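Trainee:
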Amino acid sequence: MGKIVFFDVDGTLLNSRNEVPPATVEAILRLKEKDVKVAIATGRAPFMFEFIREPLGIDTFVSLNGQYVVVDGRPIFQFKMDPRHIERLLEKGKEKGHPFVFMSHDRMCATMNGHSYIKESMRSINVPEPGYDPEFYKKGPVYQMLLFCEPGEEKEYEAEFPMFRFLRWHRYALDVMPKGGSKAEGIRRISEYCRISKSDIFAFGDGMNDIEMLHFAGKGIAMGNAPDIVKRYADYVTKHVDEDGVYHGLIAAGLL
């Protein structure tokens, strides 16, 4: 197989107005014309970015930070969180007064109804507030959770739950995933499944959960709006997402 490009969603495909810039749409269509495979790598669940992938015809993606991986519309890897570990997390959250959100591939539910931290963080990514079901994890698979707390308050969780990774993406919100889970791991699985060499893997991202994939890819491209710590792991830093960073990054990578 030929080349493949993985794009993060928030801050990479989506600009500060939560829109995919016209130049990015044009660039993706041109990649497809050149038979370059276009994929998404995101912390979002699949149902949370249908509005991007369906119009653009993208059916290969790493979602939920590597816990749910799809190639050509077919799941090739799923890693569920252990319900016993989830119960312990919930006990800790109850003790601290922190809400959680459970995430499956097709829906999400919260342990508290109408919490301000949930509302604010979901609003920031233009996602509706989740429904309420504190026993959601008993009824089906949970691939990732969200923890809502003030900066620094996650340290107690990190010390008590070494089987999980806690990655902050908002002032009040963190992704919670199994240790070892990452976008890079999902990309590795796709590359093996599709027999793509590392030198033919390109990745674009801007967040802390993009560090591993930028380092893993043959060519890692950080957005201009990425924090400096993320840029350090990239082979190239393109323009800000609001300055058509994806388009310019693809040109710099020799893909357009």
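For the sequence shown, full-length UniProt numbering assigns the number 1 to the initial residue and increments by one for each residue that follows. From the three backbone atoms N, C-alpha and C, an ideal C-beta is built for every residue, glycine too. Fair warning: this is a prediction, and the values are worked out from it, not measured in the lab.
How far does the alpha helix (DSSP H) with residue 194 in it reach, from first residue to last?
Mentor: 183 to 194
Trainee: With contact counted as at least three CB pairs below 8 Å, one residue from each stretch, are the stretch 202 to 217 and the stretch 170 to 187 in contact?
Mentor: yes
Trainee: Using DSSP bridges, identify the partner residues of residue 249.
Mentor: Paired residue(s): none; residue 249 is not in a bridge.
Trainee: Considering only C-alpha positions, which residue in the set 188, 82, 158 and 169 is nearest to residue 139?
Mentor: 82
Trainee: To the nearest whole angstrom, what separates the beta carbons of residue 92 and residue 153, a pair I think is in contact under 8 Å?
Mentor: That belief does not hold up - the Cβ atoms of residue 92 and residue 153 are roughly 11 Å apart, past 8 Å.
Trainee: Can you find at least 3 beta carbon pairs, one from the stretch 36 to 44 and one from the stretch 3 to 23, that sit closer than 8 Å?
Mentor: Verdict: yes, contact present.
Trainee: With distance defined between alpha-carbon atoms, name the residue in 22, 115, 13 and 24 nearest to residue 44.
Mentor: 13
Trainee: For the pair the stretch 215 to 223 and the stretch 43 to 59, tell me if three or more CB-CB distances fall below 8 Å.
Mentor: no
Trainee: Rounded to the nearest angstrom, what separates residue 11 and residue 131 at their Cα positions?
Mentor: Distance between the alpha carbons of residue 11 and residue 131: 26 Å.
Trainee: Going by Cα to Cα distance, which pick from 65, 121, 20 and 79 is closest to residue 54?
Mentor: When only C-alpha atoms are compared, the closest one is 20.
Trainee: Please list, in chain order, all residues of the same chain as residue 309 whose beta carbon is under 6 Å from its beta carbon, the five residues on each side excluded.
Mentor: Limits of the chain in this structure are 1 at one end and 256 at the other, which puts residue 309 out of reach.
Trainee: If you draw a straight line from the alpha carbon of residue 135 to that of residue 172, how long is it in whole angstroms?
Mentor: 23 Å
Trainee: Can you list, in chain order, the residues of its chain with a C-beta nearer than 7 Å to that of residue 237? Leave out the 5 residues immediately preceding and following it.
Mentor: Sequence-distant Cβ neighbours of residue 237 in its own chain, meaning closer than 7 Å and more than five residues away, are 222, 224 and 231.
Trainee: Since residue 100 and residue 163 are thought to touch, with beta carbons under 8 Å apart, how far apart are those beta carbons, to the nearest angstrom?
Mentor: Not a contact, Cβ separation roughly 16 Å.
Trainee: Quickly, what does DSSP pair residue 108 with across the bridge? List them, please.
Mentor: 103
Trainee: Between the alpha carbons of residue 98 and residue 118, how many angstroms are there, rounded?
Mentor: 10 Å
Trainee: Residues in its own chain within less than 7 Å of residue 133 by CB, not counting five upstream and five downstream?
Mentor: 109
Trainee: Residue ranges of each beta strand (DSSP E) run of no fewer than 3 residues wholly in the stretch 126 to 178, ordered along the chain?
Mentor: 144 to 148, 164 to 170 and 173 to 178
Trainee: Among the candidates 35, 29, 32 and 65, whose CA atom is the shortest distance from the CA of residue 189?
Mentor: 65
Trainee: I need the DSSP call for residue 79, collapsed to helix, strand or coil.
Mentor: In the three-state reduction of the DSSP assignment, residue 79 falls in the coil class, being assigned neither a helical nor a strand state.
Trainee: Counting only the same chain and skipping the five closest in sequence on each side, list residues whose C-beta sits under 6 Å from that of residue 70.
Mentor: Its chain contains 61 as the residues whose beta carbon lies nearer than 6 Å to that of residue 70, once the 5 sequence neighbours on both sides are disregarded; these appear in chain order.
Trainee: Give the DSSP-derived three-state secondary structure of residue 49 in the structure shown.
Mentor: Residue state, collapsed to three classes: coil.
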